[in-house]
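Per my numbering, the sequence shown starts with residue 48, numbered consecutively.
Cβ coordinates follow ideal geometry from the N, Cα and C atoms, glycine included.
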Amino acid sequence: MATAELAVALPAVVLVLALCLTAMTLGVDLVRCEDAARAGARAASRGEAVTLVREVVASRAPAGSTVEVDAEAETVTVRVSAPGRVRLLPALPGARASAAALWEPGARP
Numbered sequence: 048m049a050t051a052e053l054a055v056a057l058p059a060v061v062l063v064l065a066l067c068l069t070a071m072t073l074g075v076d077l078v079r080c081e082d083a084a085r086a087g088a089r090a091a092s093r094g095e096a097v098t099l100v101r102e103v104v105a106s107r108a109p110a111g112s113t114v115e116v117d118a119e120a121e122t123v124t125v126r127v128s129a130p131g132r133v134r135l136l137p138a139l140p141g142a143r144a145s146a147a148a149l150w151e152p153g154a155r156p
């Protein structure tokens with residue numbers, strides 16, 4: 048009797064575990080994107096070259112991420128987008144984050 052119940056419950060437990068791991072993976076990617084965007088905005092606000100800003104972001108962001116740097120009159124904004132890498136739910140979007148910083152004195156373009 049217990050064997051039949053275990054055979055019914057085990058797939059449900061595996062599914063719940065897979066969903067938890069999927070959520071954790073997306074959460075880690077989101078935190079890495081936030082950290083990368085913040086570090087990139089900080090570097091860009093100091094007047095660093097765009098190539099250096101991209102290197103800073105690439106060192107912290109998930110693999111395959113794209114980076115956008117937008118310079119405006121008062122602020123600089125860095126946007127980081129990571130590709131979705133969840134195999135269980137392929138329609139789930141990837142992580143995205145953006146950070147803005149005021150220009151440091153003397154660093155405006």
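- Within the DSSP bridge table, the entry for Arg-132 names no partner.
- Shortest Cα-Cα distance from Glu-119 to any of Leu-68, Ser-92, Glu-102 and Val-104 involves Ser-92.
- In the three-state reduction of the DSSP assignment, Leu-149 falls in the strand class, which pools E and B.
- Considering only Gly-153, Thr-113, Val-100 and Ala-142, the residue with the shortest C-alpha distance to Val-78 is Ala-142.
- The shortest C-alpha to C-alpha distance from Trp-150 to any of Pro-140, Ala-90 and Ala-56 is the one to Ala-90.
- According to the DSSP secondary-structure assignment, Thr-113 is paired through a beta bridge with Ser-128.
- Non-local beta-carbon contacts of Ser-128 in its own chain, meaning distances under 7 angstroms to residues more than five positions away in sequence, involve Ser-112, Thr-113, Gly-141 and Arg-143 in chain order.
- Counting along the chain, Glu-95 sits inside no alpha helix (DSSP H), nor does DSSP assign it H or E at all.
- Only residues of its own chain outside the window of five on either side were considered, and among them Ala-146 have a CB closer than 6 angstroms to the CB of Arg-85, listed in chain order.
- Remark: C-beta atoms of Ala-108 and Cys-80 approach each other more closely than 9 angstroms.
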